[in-house]
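Visitor: Handing you a structure now.
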């Protein structure tokens, strides 16, 4: 039955508001009919196209029919006269329903060609958080800070929690934002209109026709937010930002105009739109009534409304916030508040009609439910039911104390007998101390024990037996290694559990190739903060973890409001084989989350104390913290007790010190128990001490257990241990070989502190291990370290370690780039392993090297090369000539896209990397997070080697080696950078689909400008000597040509050469001297004396330099020198030519007489006279007739005589 009240009050209220304003404009019915309506979803009808649900566009030619995405997580309600779309909302991983606004059939965006636009929506939203967008137009990018382009409106913006609208061409940093004074009212229909005027450079926001905010558009243009490559124009109910939560609520009308409506038109539009509310409200009420189902409010254990045994939780509000009140046909059986009073045993079951009265926005309806309340059970039935519920876990493998129930759900009393009370204590053995019930004393051999449970109710009694096997006492354990469980971050595969082991507490090796070992199939399907502990008996392990998957979302506020109330549990006998995952609800009902569970064994009670953080509304806490976030909440530490991690006690407060605390952990030293906790006030850690986990200094139960502060670690509500940023997720453990404790503190990533005395708080405040001295597993986040035995260590290696490929002497990939090894565009892999590469983009082969132009060319290597090679250790080397040292250009890059701007998967060597120098780095999704695509690696990034840039225009040899914890970078055979904490393996990269020489994974980076030669990959780390040999054997760089060459004659038979040494990238080994084009000698000196020469002869010399690789420089510039002569040589040549008949008799006398005079005057010391007679000698030669002197004789004799005149007589 439906009873209708005043259905026009929404519209009338709106009109009364306007008339209360002096001179207010009361719009006419036609004032809203402004021209330019280009999209209108009136929600009156829906259609289907295959599996798609279509929202018709009723404006104009209907070019922009919307598609309701994820319709199972939303609802479309329509009756032909009115309608609405309801969106379930939720975080970014929830796949809530939303409407996608398409491009038109020509591919044009809804906003194409527009300078101005008006968007108006009839909204009824659920205020479940900030930044829930009503709509968003624009471009989606994974670069949140800088990449998204958009125009949007939200009922509550995160910056000040008010209604807002904005536009940006490049991410939130450049946003033009306008904000009202309050959030949009929730739970009722509101008309929200946004007017953007590019022509006036303004942005204005209206609510119900009234301006609530206006401001400058800061020059933003609609044309600049359109994504021409996308197939959508925008969304309704969904943000452009991929990490924002979805809109939760209803949209009853949505319009877009291709103009900026003026205030009068906006007011008229608001009136017209508001008129739809009444019809929509009827649909809302009808849907809420149809959706209401009493079976959803049955108590746990009741499976049917025809078999009710417990109180009902009847709601006061239904779907969409519809008010619900209840009445009962028999309040003696079910009261109006759902309290159930069962008929007495033996009486008939009670039949009751429950009536729900629903009301919404002045409309009313009712819905009735026929239910049956079962009669009270007889004592026998109670005993039987409770007996069915009695269980003993791990009956075949008992290693620790058992939880033995003492009462049943139906009130039965349960007592226990034991066939071996010395091994398992029963009720009789626990009379003096109830904690002794179920305590297990491990025998020397495996022993069968029969436990008998007696379930009693009134006169009824039932026995139930359990045959259990108690495993023999394992004895004391000797620890020789460490085990680390952790997660690695908010990315695909990161919110899972990874393992690592170590023999040295500061040097860790990740297991399973750095990938996760345990994944979640339950709850939120994400695992964070894993805590692992060994049982006190020593041969069993429990692991618990947070049930949380943030994924793309960064909305930790929302995760503290609607988070899981459960923890995830596993158990193991050996750390290798783990039980099936189980999910246990432990948090209080009013808790918003269950974060970072840990446990401590309480020897006094023989049970485990499990504790965690839950966010509680401030008014429901013992303390009072006025700055609680989110929504005035703050995290309180809670605990529950368990013996088997199946059955838990009710949660109670462990720490409520009137400020938010999370991530508590314990360590015991002797009789003292130390409790470490993170203060969420300043994001640092403090710690306290006690002798019992339940010690309480102030005795106030409501605020938990107050320990004694450790001096120097806390200042008021602020911790003092940690770096300047965030610090959390600490794990504290003792060195197994000395009295030293380590604190691993997750500051994204972990850093390490140490102490030799836990009672001395100053040590953990001040003692920080330099990052260069430790190697934690790559990318660990909030985890736990425990000691393990050698056997456990070996078993983990066997199960989770990666098989290592056999190291081979020769390269496993080798590109020589020699002409014989090039086939078209294919670069042959001469290693014989078939990993051929391709020349791409105009890359050419020049002088047996690949030449890249820096604009289009590069060498493409096979996909997944690193994985295919299974590189645990490696050497990569190549010859490189840098022609232009461009920023971010790569020598090599092995990478793949991760789908998230925050994560990268790459191993590269860059001539000018993120720090502006030669840089080798390995980056995986679990080793670093980035704010944007353009964000650079920090100078302190752990898995990077950096060195001075190489000179340009010259050949250099570069090599990188990775081996266990060691990595080295070499240039020209010399180690220029190294790390001894580089515990990263190449194969830890995910798949690498983008592998290249000369090209980065990122298109915005420069291509390489220069040459490569002789690229090699080894599946082992070459030694420094091998790198040096490789440098020599593959040296392609010739020395420079010798310069400043000088040649001078020092006698008639000798010429001395001198020159300036050549330079070489490796080193000059020798020089070759050429005389008149023929090799004379090889020498290592830069001087040479050429002997046994002919007198008075001119010789031409050139010199080249060589290196060890056989590279020869260009020849030096040629130089010439003429040997000296003497009078004796002139006399000898004269006599010879006379004897040969080449000088006739008349001339012989003249030449002979001239020489005699020369010799005579020289002997007397008459130099001038001697020279004068020598000139006469020359004169006689020149005047001789052709029949008196041969040409050869004339030339030879004249040359020597002239030389003697020039050089002086000797």
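In mature numbering (1 follows the signal peptide of the UniProt record, and there is no 0), the protein residues as written are -24 to -1, 1 to 1186.
Virtual Cβ for every residue (Gly too), placed ideally from N, Cα, C.
Check for me: the beta strand (DSSP E) holding residue 17 runs from which residue to which?
Guide: Stepping through the chain shown from its first residue, residue 17 is reached at position 41. Run containing residue 17: 13 to 17, per the beta strand (DSSP E) assignment.
Visitor: Are the CB atoms of residue 487 and residue 776 nearer to each other than 7 Å?
Guide: Counted from its first residue, the chain shown places residue 487 at position 511. Counted from its first residue, the chain shown places residue 776 at position 800. Cβ atoms of residue 487 and residue 776: closer than 7 Å.
Visitor: For residue 646, count neighbouring Cβ atoms within 10 angstroms of its own Cβ and tell me buried if that reaches 16, exposed if not.
Guide: To locate residue 646, count along the chain shown from 1; it is residue 670. Exposed, since its Cβ has fewer than 16 Cβ neighbours within 10 Å.
Visitor: How would you call residue 266, buried or exposed, if buried means at least 16 neighbouring beta carbons within 10 angstroms?
Guide: Residue mapping note: residue 266 aligns to position 290 of the chain shown, counting from 1. It is exposed - the Cβ of residue 266 has fewer than 16 other Cβ atoms within 10 Å.
Visitor: If residue 744 sits next to residue 729, beta carbons under 8 Å apart, how far is it from one beta carbon to the other, in whole angstroms?
Guide: For the purposes of this step, residue 744 is taken as the residue at position 768 of the chain shown. For the purposes of this step, residue 729 is taken as the residue at position 753 of the chain shown. A Cβ-Cβ distance of about 6 Å is found for the pair residue 744 and residue 729, placing them in contact under the 8 Å criterion.
Visitor: Near residue 1176, which residues of its chain fall below 8 Å by C-beta distance, leaving aside the five closest residues on each side in sequence?
Guide: Residue numbering aside, residue 1176 sits at position 1200 when the chain shown is read from its first letter. 1071, 1072, 1101, 1105, 1106 and 1109.
Visitor: Just to check my reading of the structure: residue 1155 and residue 1134 have Cβ atoms closer than 8 Å, yes? What is that Cβ distance to the nearest angstrom?
Guide: On the chain shown, residue 1155 is found 1179 positions in, with the first residue counted as 1. On the chain shown, residue 1134 is found 1158 positions in, with the first residue counted as 1. Contact flag wrong, Cβ pair sits at about 13 Å.
Visitor: Would you list the one or two residues that DSSP bridges to residue 1202?
Guide: Given a span of -24 to 1186 for the chain in the structure shown, any question on residue 1202 remains unanswerable.
Visitor: Would DSSP call residue 336 helix, strand or coil?
Guide: Locating residue 336 in the chain shown gives position 360, counting from the first residue. Correct three-state label for residue 336: strand.
Visitor: Can you tell me which of 641, 629, 699 and 437 puts its alpha carbon nearest to the alpha carbon of residue 658?
Guide: Taking the first residue of the chain shown as position 1, residue 658 is located at position 682. If we check each option's Cα against that of residue 658, 699 comes out closest.
Visitor: Ignore the nearest five residues each way along the sequence and tell me which others in residue 318's own chain have a CB closer than 8 Å to its CB.
Guide: Working through the chain shown from its first residue, we reach residue 318 at position 342. Around residue 318: 285, 309, 326, 349, 350, 351 and 352.
Visitor: Along the chain, where does the alpha helix (DSSP H) containing residue 353 start, and where does it finish?
Guide: By one-based count along the chain shown, residue 353 stands at place 377. Run containing residue 353: none; DSSP gives neither H nor E here.
Visitor: Under 7 Å, do residue 703 and residue 660 count as touching if we go by C-beta distance?
Guide: Taking the chain shown and counting its residues from 1, one reaches residue 703 at position 727. Taking the chain shown and counting its residues from 1, one reaches residue 660 at position 684. Taking 7 Å as the Cβ cut-off, residue 703 and residue 660 qualify as a contacting pair.
Visitor: By the DSSP assignment, the alpha helix (DSSP H) with residue 1181 in it spans what residues?
Guide: On the chain shown, residue 1181 is found 1205 positions in, with the first residue counted as 1. Here the alpha helix (DSSP H) through residue 1181 covers 1167 to 1183.
Visitor: Assuming residue 669 and residue 585 make a contact with CB atoms under 8 Å, what is their CB distance in whole Å?
Guide: Residue numbering aside, residue 669 sits at position 693 when the chain shown is read from its first letter. Residue numbering aside, residue 585 sits at position 609 when the chain shown is read from its first letter. Between residue 585 and residue 669 the Cβ distance is about 6 Å, and since that is below 8 Å, they are a contact.
Visitor: Going by alpha carbons, who is nearest to residue 370 out of 155, 1148 and 622?
Guide: For the purposes of this step, residue 370 is identified with residue 394 of the chain shown, where counting begins at 1. When only C-alpha atoms are compared, the closest one is 622.
Visitor: Secondary structure at residue 670, three-state DSSP: helix, strand or coil?
Guide: Counting from 1 along the chain shown, the entry for residue 670 is found at position 694. Three-state result, residue 670: coil.
Visitor: Nearest to residue 929 by alpha carbon, out of 988, 89 and 204?
Guide: As a working mapping, residue 929 is identified with position 953 in the chain shown. Measuring from the Cα of residue 929, the nearest candidate turns out to be 988.
Visitor: Kindly identify the DSSP beta-bridge partner or partners of residue 1005.
Guide: Position 1029 of the chain shown, counted from the first residue, corresponds to residue 1005. DSSP lists no partner for residue 1005.
Visitor: Which residue from 1112, 1126 and 1016 puts its Cα closest to that of residue 1092?
Guide: Translated into the one-based positions of the chain shown, residue 1092 becomes position 1116. Residue 1016 is the option with its Cα nearest to residue 1092.
Visitor: Tell me the DSSP bridge mates of residue 475?
Guide: Counting from 1 along the chain shown, the entry for residue 475 is found at position 499. DSSP lists 461 as partners of residue 475.
Visitor: According to DSSP, is residue 239 helix, strand or coil?
Guide: Position 263 of the chain shown, counted from the start, is the residue given in the question as residue 239. Residue 239 falls in the helix class under three-state DSSP.
Visitor: So is residue 694 buried or exposed if we call it buried at 16+ other beta carbons inside 10 Å?
Guide: Taking the chain shown and counting its residues from 1, the one referred to as residue 694 is at position 718. Exposed, by the Cβ-count rule.
Visitor: Helix, strand or coil: how does DSSP classify residue 536 here?
Guide: Taking the chain shown and counting its residues from 1, the one referred to as residue 536 is at position 560. Here residue 536 sits in coil by DSSP.
Visitor: With H, G and I counted as helix, E and B as strand and the rest as coil, what does DSSP make of residue 572?
Guide: Working through the chain shown from its first residue, we reach residue 572 at position 596. In the structure shown, residue 572 sits in a strand (DSSP, three-state: E or B).
Visitor: Touching or not, the stretch 734 to 749 and the stretch 683 to 691, by the rule of three or more beta carbon pairs under 8 Å?
Guide: yes
Visitor: Report the start-end ranges of each beta strand (DSSP E) in the stretch 26 to 89 that is 3 residues or longer and not cut off at the edges.
Guide: 28 to 31, 42 to 45, 50 to 54, 59 to 63 and 74 to 78
Visitor: Which full runs of the alpha helix (DSSP H) of 4+ residues lie inside the stretch 369 to 406, going along the chain?
Guide: Segments of the alpha helix (DSSP H) lying fully in the stretch 369 to 406: there are none.
Visitor: Between which two residues does the alpha helix (DSSP H) harbouring residue 1104 extend?
Guide: As a working mapping, residue 1104 is identified with position 1128 in the chain shown. From DSSP, the alpha helix (DSSP H) with residue 1104 extends over 1103 to 1115.
Visitor: Taking all protein chains shown into account, decide if residue 679 is buried (16 or more other Cβ within 10 angstroms of its Cβ) or exposed.
Guide: As a first step, residue 679 must be located in the chain shown, where it is residue number 703. Classification of residue 679: buried, given that the 10 Å Cβ count is 16 or more.
Visitor: Terminal residues of the continuous alpha helix (DSSP H) containing residue 1189?
Guide: Since the first residue of the chain shown is -24 and the last is 1186, residue 1189 is not available in this structure.
Visitor: Among 800, 227, 1094 and 631, whose alpha-carbon lies nearest the alpha-carbon of residue 673?
Guide: Walking along the chain shown from the start, residue 673 turns up at place 697. That would be 631, whose Cα lies nearest to the Cα of residue 673.
Visitor: Cβ atoms of residue 376 and residue 392: under 7 Å apart, would you say?
Guide: As a working mapping, residue 392 is identified with position 416 in the chain shown. As a working mapping, residue 376 is identified with position 400 in the chain shown. Not in contact: residue 392 and residue 376 (Cβ atoms no closer than 7 Å).
Visitor: With DSSP as the reference, label residue 939 as helix, strand or coil.
Guide: Position 963 of the chain shown, counted from the first residue, corresponds to residue 939. Residue 939 falls in the strand class under three-state DSSP.
Visitor: Our contact map puts residue 109 next to residue 208 with C-beta atoms below 8 Å; I'd like the distance itself, whole angstroms only.
Guide: For the purposes of this step, residue 109 is taken as the residue at position 133 of the chain shown. For the purposes of this step, residue 208 is taken as the residue at position 232 of the chain shown. Not confirmed; about 14 Å, so no contact.
Visitor: Got a sec, what are the start and stop residues for the beta strand (DSSP E) residue 791 sits in?
Guide: Within the chain shown, the letter at position 815 stands for residue 791. Per DSSP, residue 791 belongs to the beta strand (DSSP E) from 789 to 791.
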